[in-house]
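The sequence shown begins at 1 in this note's numbering and counts up one residue at a time.
By construction, the Cβ of each residue, glycine as well, lies at the ideal position given by its N, Cα and C atoms.
The structure presented is a predicted model; accordingly, all values stated were derived computationally and were not measured.
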Amino acid sequence: MYFVGSDHKAPIIQGPGGTPGRTPTDFEQATGDERSEHLAAMDGNAYFDMGPLYLNKKGTKAEPTVVPSGAESRIVGCCGAPGEDHELIWIMVEREHEFDRCPECGNVYKLSDKGFDAEHLAPPKHEHGH
């Protein structure tokens with residue numbers, strides 16, 4: 001593993017590059033997250049969490065819709081709180097904000113303090129006996 005500078009902690013993820021005299025493929029020249037995404041796909045896995053975030057109630061300041069992420073920000077698409085459908089609006093949910101709110105329906109979003117939490121990705125459970 002290679003590191004840039006002594007204070008850089010993240011590994012550099014890169015492939016072998018192209019063969020001299022020919023144009024490299026996307027896979028050969030991919031680096032960083034793009035390369036990690038290719039490698040995960042080759043193993044049959046998804047590198048990025050692209051699953052929907054299921055809502056069973058509208059997020060409020062007191063009880064926001066928690067968005068799982070280990071990053072400083074995440075882009076979410078809001079198409080309405082339950083019972084309040086609207087056109088898709090992309091919202092940047094940022095860790096440095098107390099919360100972020102959809103300008104259309106008012107649903108309140110906040111990044112998880114724990115990072116990724118698969119519990120928030122599961123579809124709602126049906127509890128009506130069948």
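- Rounded to the nearest whole angstrom, the C-alpha separation of S112 and T23 is 42 angstroms.
- Listed as beta-bridge partners of C79 by DSSP are no residues whatsoever.
- The continuous stretches of alpha helix (DSSP H) do not include E98, and DSSP gives it neither H nor E.
- The three-state secondary structure of L111, taken from DSSP, is strand.
- Bounds of the alpha helix (DSSP H) holding H38 are G32 to M42.
- Counting of Cβ neighbours within 10 angstroms places Y54 among the exposed residues, the total staying below 16.
- Going by C-alpha positions, Y109 is about 12 angstroms away from P103.
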